Structures are given as structure tokens and as C-alpha cells.
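> Take a look at this one; I'll ask things after.
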Amino acid sequence: MKILALAKHVPESTTNIKVKADGSGIETVGVKFVMNPFCEFAVEEALRIREKNAAAGIEVTVLTLGPAAAADVVRTAYAMGADQGVHLCDDAFTSIDEIAAARTIAAAIKSRGFDLIIAGKHAIDYDSGQVGPALAECLGWPHVGAVVAIEWAADMKSMTVRRRIEGAEEVVNIKLPCLLTCEKGLNEARYPSLPGLMKAKKKPIETLNLAAVGVAQADIASATKMGEFAPPPPRPPGRMLKGSPEEMAKELARILREEEKLI
Amino acid sequence: MTKDILVFAEQRDGHLQPTALQCLAAAAALAKKSGGKIVAALIGQNPAAVAAPLEQAGASAILIADDARFAKYNPLTYTRALTALIEKADPQVVLLPATVMGRDLAPRVAVRLHAGLATDCIEIDLDDKGALLVRRPIYNGKAFNKVHFAADRRQIASIRPNAFLAPAPDASKKAERIAVTVPHDAADDRQTTKEIVRTGGEEKDVTEASIVVSGGRSLKSADNFKIIYDLAHAMGGAVGASRAACDAGYQPHSRQVGLTGKTVTPNLYVACGISGAIQHLAGMRGSRRIVAINTDAEAPMLKLADIGVIADLFQFIPLLTQEVKILRG
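Protein chains in written order, with numbering that gives the first Met the number 0: chain V, 0 to 262; chain G, 0 to 328.
Written out as C-alpha cells, the structure reads:
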């Protein structure tokens, strides 16, 4: 079995995001980039499947699409234990939208015989959550999003997964080949080991440009374009209630009911 | 391609997703500008049971794909059905709720229709070419980004819950109901949704409530959370909690609001004894109105809040619950 995990290079989650003065993007100078946490779950799950079925000869490949620096996430995945790494990197990819990114990834992997693709539920930079389901559609595969638990069938040709929905979980049977996206709670990702990090530095990464991916620029023409970036609008100044607890409780209930019509 | 706007009106088991009506409000603003009609699309088993609120909220036609196969959500059957309904209506713009279902479904439909897609939008408009122009939060609400659409392709946007107010229902409004048959394809049986297991008991989930009342570690015990539940029930809302309260075992992690918990955007967020750590603010700063109740006048949550109350929780919250009950009858 061949498993592909997708990984994206994103600013670390506690980064203080600053929008550039001209609104063209965010300041990246001095910002630490890491593997998207939901993608860590994807890589981790792929490795666990390989480890639990050690005799099955499972191979784990990690793929990223991004600028030259994004190769770092492939090295992180190597240090965690991934077998192969692919980096889709070309100036033509810098301004493509999520659907075009899914089409690019689909073209790059179509003939590689993967049985299972695992992705993050969304990336914590643009929070869009499109690439996983879109890639499944490009490949004509079924998919389950926001997975929190996986139970394999004995023949490893299908699985029963649980996905988190509003206030509940859906239990889904799905046949391979298929794509899953990971929700928090599926697993705890391991830290890359020190020897793993040393070896990862020397391990080659297969880097593919537009021509090598074999997709025409016209085929990945984006239907959306990111425009102006802006900081969050300031909230109007709040008001502090005054008086005894009884008076404040009465006043707060009145405001919420009569002025704001919220309750 | 017509100038019409199609709204996918998500429903599960005869319960209309509230964001579907909010999408109709967003559609009305676009229709006013473009002159297009508003068409609603329903998918499910007997989904017509929820058609009335859609026509009363401004849909002039309702396309209905009714089949036992649609009783539970399956991305393959729903993609096939929604694609068929969109092709039938041929709208320029498709809006759908940015719920778990909408997030799962929209990318597949966009690929199949070669359409543009922006998810989780909070503002929508048409640009000078008449193409969709949206604004959406990125970096967990730490920044906002405008997304432009190509005018010659279909334009799909999912709408963040509570970003728009649902239109006031008008009982005199009627819509034409049109049944659409969606052919079955055996390939869609590669996945099936077996069952749905409620994880939060009978309590509302924080992500689907328009009011969330949250408690922090200063509640001091799981039992003391009863005052939070009482207030939430009096308001008709859901109970949330800070990470500290969940880590202390006062509430399950499924109720945790924040960076490592759930992101909520209710109309009203009541923070009770939550100081406002960055990790909590990341999960609730998109709320329309924020009320903070705290003993510490320096708490960051009081600075963010629209209305602040400095008081002892155990004294103040039962008083507030009582006042809410009186006003709401």
C-alpha cells in the first residue's frame, strides 16, 4: 500500500500577524514557518498505519506545494519517518487558488498508484479547507473530512471512520482508494527525533516544476484571486455597567432584550 | 449563466440549518444589485418539509432533490445532487452555509463545475464587472482578505454562521417548488454514512448556537457550572468553556472554545469569569456582541467586550438568569 500525506508550510500558530502597509499580504520577515498542525496529524496517521502493519511494506510519501522554503516541511516529515518527499515548486504556482492547487497536485500524483491520501482539515494560514475535498474530486475518489477515528477492515481495503460534525459524529464506511482530512483528536503527532533530523538534511527531495508536473498553465487558471489584506476592524468601545449586582443584572437583561434584541 | 443566486439550504432530518436563512439574506443583497432571482436548493429525504421558511425568507423558487439515498449526508451523492440543481438553475452565484457539511461539499462542487470558490465569507458584494467580491477572515481572524472572482465562471461562496441576520419571515411570500430527479450512480456507494452519534447529549453544540455562555476556571468545579447552564438555558443558548476549565475537568473538551478548541461566531457571547487569554480570544472574537462578567477589572476580556460587568459570578449570574427569565416569559 502507498500512502500520501499532504503538508503545508505556514506561520506558527502563535505568530503576531501584521498586515503590510500596502495591504498586499502579511509581513513574513522574522516569522517562523512550520508544518501546519493539521498536516502533522496527517503525516502522523500515515506513519502509524505503516508501523501497525510492519509486514505489509507500506510506503509513506509526503507532498508539499509552495515556495523554495516549503521544502522544510518535507524535511520535518522525513525526520518524523516519511519514506519519500515531493515538493511542487514553480513561480507559476505562487498565485494559484486552492482549486488550482488541488488540480496541480492531482496531475503530479495521478500515475503514482497511491491507495490513500491523508490531508489536514484546513491550513491555519488561509483557513480555507478546500484542497482536501477538491483533490478527492479531481481524482474521482470518495473522501471523509474532519476525521477523528479510523478503524480498518481486516483486508485493509476499506475502513470505518468517525468524523466530527456539529454536536455529533458521523460514522462512515469508505472503500480505498480514498482521501481523509484530519481533525484535532485523531492522534498526537510525534516530535521529529534528533537522528531523524540529521538524516533528513541529507535525504533527497524530488522537486517538480510546472513542466515536470505535466499540467498546462491554462488547466490551472484560477477562478479566484486574493485581493487586499487588512487587519481586523477595531471593535467599538464597550460600556461598563454600574450599580449594585441587582441593578446591573436588570440593566444587562434589558439591554440584551430591548436594545440589542439578542435574547 | 443567469444573474440568479442559488442558496443551498442545508437541512438534517427536517431541521433547517439556521445559516441557510442567513445565506438568503446575503443573496437578497446581491439580487438587489444584479436584478437576479433567488433560488433555494434542498437535498434530503422529504426535505420539502422545511420549504416554507425558505419562501418566507425570499426564495422565489425551490429546487428539491428528494430521495431516500439523501437521508444522510454523503459527499458523493450530495455533490451529484447539488451539481444537478445548480446546472438546472444556471445561477451566476451559489451561496451555502460554511458549516461542516458546507465546507465538505463546496470544494467538490466547485471542481466539478469549474467554478471559483471562497469559504467562510463574512461580507459579499458585486464588483464593477458584476462578479462576486467577498471578504473572509484568515489567520484565525487575525487578518481579513478580499477575494475577487472571474466574471466568466460560476462563483461559489460559503457564508460564515451569524455573519448575516436572517430576513424577517413574510408569510405572504410563496415560491414555486420544482422537483428534480438526480440519477443514481453506483460509484457513489463507495462510501456510506452509517449513523450519526450525538456526542453532546441533549445540549446544543457551541458551533450551532446563536448564543453561547462560557465559563472559566474561576467556576471552581464541574458542579458550579450549573449556574452557567441555567443562564444558557434561560437565554436559549449553548454552554462553552475555556481551556483551563476543560483541562481541570469541569467541562468536556467538546465544549472548549479557543485556538485548540472550537471557533464560534454567535450573535451573543457571554464570557463568565474568563480572563481572555489569546488562545481563548482566537476562538470567539468573531462574535457579534460580547458580554464579559469578571471580578478582575484588568481582565483583557473586559477590554474586548461590548458590555462589561465587574461582579462576583456566584452572586451575579443567578440574578441575571432570573431577570432573563422574567423578560423572556
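We treat Cβ as the ideally placed atom computed from N, Cα and C, and that holds for glycine. Values in this document were obtained by computation on a predicted structure and should not be read as measured data.
Under 8 Å, Cβ to Cβ, is there at least one residue of chain V near Arg176/G?
Chain V contact via Cβ: absent.
> Does the beta carbon of Lys156/V come closer than 8 Å to any beta carbon on chain G?
No, Lys156/V lies away from the interface with chain G (no Cβ there is under 8 Å from its Cβ).
> How is the alpha helix (DSSP H) around Asp71/V delimited, first residue to last?
Asp71/V -> alpha helix (DSSP H) spans Ala70 to Met79.
> Since Thr223/V meets chain G, which of its residues come closer than 8 Å, beta carbon to beta carbon?
Gly115, Leu116, Ala117, Val146, His147, Phe148 and Ala149, listed in chain order.
> Determine the DSSP secondary structure at His8/V, reduced to helix, strand or coil.
His8/V falls in the strand class under three-state DSSP.
> Count the other C-beta atoms from every protein chain shown that fall within 10 angstroms of the C-beta of Val256/G, then say buried if there are 16 or more, exposed otherwise.
Buried, since its Cβ has 16 or more Cβ neighbours within 10 Å.
> Could you give the DSSP three-state label for Phe37/V: helix, strand or coil?
DSSP places Phe37/V in helix when its eight states are reduced to three.
> Using 8 Å as the limit for Cβ to Cβ distance, is Lys173/G near chain V?
Closer than 8 Å: no.
> For a contact meaning CB atoms closer than 8 Å, what does Gln44/G contact in chain V?
In chain order: nothing, as chain V lies at least about 16 Å away.
> Mind pulling the chain V residues with CB within less than 9 Å of Arg242/G?
The premise fails here: Arg242/G is roughly 12 Å from chain V at the closest Cβ pair, so nothing lies under 9 Å.
> Does the beta carbon of Leu218/G sit closer than 8 Å to a beta carbon anywhere in chain V?
It does not; no Cβ of chain V falls within 8 Å.
> Going by other Cβ atoms of all chains shown within 10 Å of its Cβ, with 16 needed for buried, is Gly56/V buried or exposed?
The residue in question, Gly56/V, is exposed, as its Cβ has fewer than 16 Cβ neighbours within 10 Å.
> Lys1/V and Thr63/V - do their beta-carbons sit closer together than 8 Å?
Taking 8 Å as the Cβ cut-off, Thr63/V and Lys1/V do not qualify as a contacting pair.
> Grab the span of the alpha helix (DSSP H) containing Gln55/G for me, first residue to last.
Element bounds for Gln55/G: Ala50 to Gln55.
> Using alpha carbons as the reference points, say which of Ser274/G, Leu319/G, Ser253/G and His232/G lies closest to Asp204/G.
When only C-alpha atoms are compared, the closest one is Ser253/G.
> Step through the CB atoms of chain G and report whether any lies within less than 8 Å of the CB of Gln129/V.
True, the Cβ-Cβ gap to chain G drops below 8 Å.
> Is there contact between the stretch 216-229 of chain G and the stretch 242-250 of chain G, where contact requires at least three CB pairs shorter than 8 Å?
Taking 8 Å as the limit for Cβ pairs, the verdict is that the stretch 242-250 of chain G does touch the stretch 216-229 of chain G.
> Return yes when the Cβ of Ala19/G is within less than 8 Å of the Cβ of Pro96/G, no when it is not.
Yes; because the gap between Cβ atoms is below 8 Å, this pair is in contact.
> Roughly how many whole angstroms lie between the Cα atoms of Ala240/G and Ala185/G?
Roughly 44 Å separates the two Cα atoms.
> Report the rounded CA-to-CA distance for Ala99/V versus Val99/G, giving the unit in angstroms.
Rounded to the nearest angstrom, the two C-alpha atoms are 22 Å apart.
> Cutting at 8 Å between CB atoms, please list the residues of its own chain near Ala88/G, excluding the five before and the five after it.
Taken in chain order, the residues that qualify are Thr1, Asp3, Leu5, Val38, Ala40, Ala60 and Leu62.
> What are the partner residues of Glu175/G, as DSSP defines its beta bridges?
The partner list for Glu175/G (beta bridge, DSSP) reads Ala60/G.
> So, does the CB of Phe228/V fall closer than 8 Å to a CB anywhere in chain G?
Phe228/V counts as touching chain G.
> Can Ala25/G and Leu53/G be called in contact, C-beta distance under 8 Å?
For Ala25/G and Leu53/G, no; Cβs fall outside 8 Å.
> What number of angstroms, rounded off, separates the C-alpha of Asp103/G from the C-alpha of Ala122/V?
One C-alpha to the other measures close to 14 Å.
> Do you know whose CA, among Ser209/G, Ala244/G, Gly43/G and Phe313/G, lies nearest Ser286/G's CA?
Looking at the Cα atoms, Ser209/G is the closest of the given residues.
> In this structure, what does DSSP give as the bridge partners for Arg162/V?
In the DSSP output, where bridge partners are listed per residue, Arg162/V has Val146/V and Glu169/V.
> Kindly indicate the opening and closing residues of the beta strand (DSSP E) around Arg331/G.
Summary: the structure shown does not reach residue 331/G, with chain G confined to residues 0 through 328, and so no result is reported for it.
> Under 7 Å Cβ-Cβ, which residues of chain G neighbour Gly237/V?
By Cβ distance, chain G contributes Ala304, Asp305, Ile306 and Gly307.
> Does DSSP put Tyr268/G in a helix, in a strand, or in coil?
Correct three-state label for Tyr268/G: strand.
> So if I threshold CB-CB distances at 7 Å, which residues from the stretch 106-123 of chain V count as touching chain G?
For the stretch 106-123 of chain V, which is checked against every Cβ of chain G, the residues closer than 7 Å are Ile123.
> Excluding the five sequence neighbours on either side, which residues of its own chain have a C-beta within less than 6 Å of the C-beta of Ala81/V, listed in chain order?
Within the same chain, Ala81/V has close Cβ partners Val59 and Val61.
> Going by other Cβ atoms of all chains shown within 10 Å of its Cβ, with 16 needed for buried, is Lys128/G buried or exposed?
Per the 10 Å Cβ criterion, exposed.
> Could you tell me the distance, in whole angstroms, from the CA atom of Ala231/G to the CA atom of Val211/G?
About 7 Å.
> Please identify the residue among Glu187/V, Ile204/V, Ala68/V and Ala153/V whose C-alpha is closest to the C-alpha of Tyr77/V.
Of Glu187/V, Ile204/V, Ala68/V and Ala153/V, the residue nearest in Cα terms is Ile204/V.
> Less than 8 Å separating the beta-carbons of Glu97/V and Arg107/G?
Their beta carbons are not under 8 Å apart, which means Glu97/V does not touch Arg107/G by this criterion.
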